[in-house]
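Below is one structure; the comments refer to it alone.
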Amino acid sequence: MADIGDVRSVLTDLGIAAELLRGDARLRADLGLDSVDLSQLQVELAEAHGVRFDPWTGHDPTVREVAALVREATADVELPELPLTGIGKVDKARLRADVRARETTPPY
596 MADIGDVRSV
606 LTDLGIAAEL
616 LRGDARLRAD
626 LGLDSVDLSQ
636 LQVELAEAHG
646 VRFDPWTGHD
656 PTVREVAALV
666 REATADVELP
676 ELPLTGIGKV
686 DKARLRADVR
696 ARETTPPY
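The opening residue of the sequence shown carries number 596 in my numbering; numbering runs sequentially from there.
What follows is the structure, given as structure tokens:
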């Protein structure tokens, strides 16, 4: 299951200092994320965890709130039983995101 560490990891990759990444830190007001940073965060969370996160609402979410979205997105998806031996390392987060996308995409 994903946690706040996953969100912090993406934010540090964006150049945010680790000591600023408190749970109550707001993305725009406290961390100074601009539109490019917010877009990158949105893409990273979607690709890694299947999170549908809209950073363009009027609400400036905290690191903890974004982590809760990631937990919610990854917690309730059951992975199918697959023969996974012999194919190398399995990225469970990406597999979970693929399963979620298939469940929510109309068949037409």
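Ideal Cβ positions, reconstructed from N, Cα and C, are used throughout, including at glycine.
Rounded to a whole number of angstroms, what is the C-alpha to C-alpha distance between residue i and residue j?
i: Ala-613; j: Glu-639; result: 18 Å
i: Leu-628; j: Ala-641; result: 18 Å
i: Ile-599; j: Glu-660; result: 9 Å
i: Ser-604; j: Asp-619; result: 16 Å
i: Glu-667; j: His-654; result: 19 Å
i: Asp-608; j: Thr-652; result: 23 Å
i: Phe-648; j: Ala-624; result: 18 Å
Any idea which residues DSSP pairs residue i with across the strands?
i: Arg-621; result: Thr-657
Would a C-beta distance cut-off of 8 Å place residue i and residue j closer than the cut-off?
i: Leu-656; j: Leu-622; result: One point to set straight first is that residue 656 is Pro, not Leu, in the sequence displayed. Yes; because the gap between Cβ atoms is below 8 Å, this pair is in contact.
i: Leu-633; j: Leu-615; result: no
i: Val-646; j: Val-665; result: yes
i: Gln-635; j: Pro-650; result: no
Using the rule of at least 16 other Cβ atoms within 10 Å of the residue's Cβ for burial, across every protein chain shown, is residue i buried or exposed?
i: Thr-669; result: buried
i: Asp-601; result: buried
i: Arg-658; result: Inspection of the sequence shows that residue 658 is occupied by Val rather than by Arg. Val-658 is buried by the Cβ-count criterion.
i: Ala-643; result: buried
i: Gly-610; result: exposed
i: Arg-617; result: exposed
i: Ala-662; result: buried
i: Gly-681; result: At Gly-681 the pLDDT is 48, less than 50, meaning the model places this residue with poor confidence and gives no usable figure here.
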